[in-house]
Structures are given as structure tokens and as C-alpha cells.
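Enquirer: Below are the C-alpha cells for one structure; questions will follow.
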Amino acid sequence: MKDTFKHKGLRKQLVATLVTKGITNSAVLEAIGSIPRHLFMDSSFLDHAYQDKAFPIAASQTISQPYTVAFQSELLEVKPSDKILEIGTGSGYQTAVLCLLGAHVYSIERQLELFKKTSKFLPKIGYVAKRLIFGDGYKGLKDEAPFDSIIVTAGAPFVPKPLLAQLKIGGRLVIPVGDVDQIMTLYIRKGAKEFEKHELGNFKFVPLLENKN
Ligand code: SAH
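Set out below in C-alpha cells:
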């Protein structure tokens, strides 16, 4: 588990690529510039860790493309101490970005293998989420609600109602919506029953699955 000068150099190039693709939030860019993404990946893909691409992780899932992580993180407009719910912990890379932005992160994963692996790994390399939960993200996390923001990192066929209900007034939900590919969608809660909706381009995620464990 080494982070070498070579890795640091590759990360700088990755950050430069994200800037050319339109990412401007300096805290997000700094986080991506400092997190050793190669440590979140399976050994067979190590050489590719700093390409702007998604790659397979365990349990037929993927670590999201860095651009996607940056884009979603930017949309959350994270302030230090924000209480954030993530659906789809996966490798924990997005979780680590949110931790570095100073958020208090709650993250749910439905694959037991990934939940166990990431629960051990993240604290080992210094990223401490408030809670990692094994469960079904469709339900959100009622006992910890409301949240300043909620991020979904899998493609949702529809917007789960509990996620909208668990946002603070002024809170933001960032969710890719669609079956085959997804439209990145931002909901801002304006009142008890009022939500502002923004659609922000096409993406491709692994599906948000109903809990079958
Ligand atoms: N943020 C992760 C992305 C992993 S891919 C990363 O950067 O590595 C999406 C993840 O969502 C997968 O790990 C998948 O198992 C998980 N997932 C799918 N459906 C889910 C659900 N209903 N509840 C919680 N997690 C879910």
C-alpha cells in the first residue's frame, strides 16, 4: 500500500484533465489530487487508476469515473460539517472525497462483500465516515435524517420518495435517474413539499438494485 511520487504526478495530470472537462470547485479538485485512487482498485487495474475512467471492483460493481465523482461532489456544494448520506459505498472512493471535504458522511451499501471490505479499508488509510451501513439505499436512513445532502452513486430507475423526504429544507439530492443510461438530476428542497429540479447531462452507472440480501 504505497503512494509514490509517480502516483502523485499521475494525480496532478488527472486533476488537470478534470479542469479541462469543466470542474472548477477547488476543494473537490484538491481532494481528488490527494486521494490515492490506486489503493481503492483491484490489483489488475492499478496501472489505470489515474485514467478518467470507471473500473470494475468486487461484486460486479465499479469505482465511478473521477469526472463523475467530481461532478456529483461539486453539485452537492459541501460545507464543512455538512451531514451527507451516500447511497452505494462501493470502493469508498466517493466517501473519501466527501470526508476530505469535511462532511460527516453516512454511506449505505447493499453488497455484503463490498460493505465488509470497504468498512475495513477506509479507516486504515485515514478516511473516517460517521457510519457505514449494510442495507438498502432505497429507504435512505430515517434514524439519522434530515441530511444537508444526499448523493446516489448508482443508476436509479426512479427517485425514491424517502430520499426526498430525508432532505433538510435547502438540502440537495444528486441522483442519476434512468434505466439504461441516466440523467444526472439535482433536487433542491425549497419547502416541505416544494422541490426545484435541474437536469444536468447524461451519465452511465451500474443499477441501483432493490435489496435482495
Ligand atoms: N461510490 C462508489 C460507486 C460504486 S458503484 C465508488 O466510487 O466506488 C454503485 C454501488 O451502489 C455498488 O457498490 C452497488 O452495490 C451499490 N448499490 C446498488 N444498489 C444499492 C442499494 N439499493 N442500496 C445501497 N447500495 C446499492
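In case it helps, my numbering puts the sequence shown at residues 11 to 223.
Glycine included, C-beta positions come from ideal geometry on N, C-alpha and C.
What you are looking at is a predicted structure, and each value in this text was computed from that prediction instead of being measured.
How far does the alpha helix (DSSP H) with R47 in it extend, from its first residue to its last?
Expert: Premise fails: R47 is in no alpha helix (DSSP H) and is neither H nor E.
Enquirer: Distance, Cα to Cα, I135 vs T128?
Expert: Taking the straight line joining both Cα atoms gives about 11 Å.
Enquirer: Which one of Q71, S70, Q75, H17 has the shortest CA to CA distance from L49?
Expert: Comparing Cα-Cα distances from L49 to each of Q71, S70, Q75, H17, the minimum goes to H17.
Enquirer: Please classify R21 as buried or exposed, where buried requires at least 16 other C-beta atoms within 10 Å of its C-beta.
Expert: Buried: at least 16 other Cβ atoms inside 10 Å.
Enquirer: Quick one: is the Cβ of A69 within less than 7 Å of any heavy atom of the ligand SAH?
Expert: A69 Cβ: within cutoff of the ligand SAH.
Enquirer: Sorted by chain position, which residues of the same chain lie with C-beta nearer than 6 Å to L173's C-beta, five sequence neighbours on each side aside?
Expert: Once the five neighbours on either side are set aside, the close Cβ partners of L173 are G150, I160, L183.
Enquirer: Classify L122: buried if its beta carbon has 16 or more other beta carbons within 10 angstroms, exposed otherwise.
Expert: It is exposed - the Cβ of L122 has fewer than 16 other Cβ atoms within 10 Å.
Enquirer: Roughly how many whole angstroms lie between the Cα atoms of N223 and I97?
Expert: Unreliable positioning characterises N223 in this predicted model, as indicated by a pLDDT of 45, which lies under 50. A coordinate reading is not provided.
Enquirer: Looking at the structure shown, is N223 part of a helix, part of a strand, or coil, going by DSSP?
Expert: In this predicted model, N223 has a pLDDT of only 45, less than 50, meaning its place in the structure is not dependable; the value taken from the coordinates is given anyway. Looking at N223 - three-state DSSP - the assignment turns out to be coil, as it is neither helix nor strand.
Enquirer: Short of 6 Å in beta carbon distance, which residues of its chain neighbour K214, apart from the five on each side in sequence? Order them along the chain.
Expert: Closer than 6 Å at Cβ, skipping near neighbours: D191.
Enquirer: Any chance you could list the alpha helix (DSSP H) runs of at least 4 consecutive residues sitting entirely within the segment 16-104, in chain order?
Expert: The qualifying runs are 36-44, 76-86.
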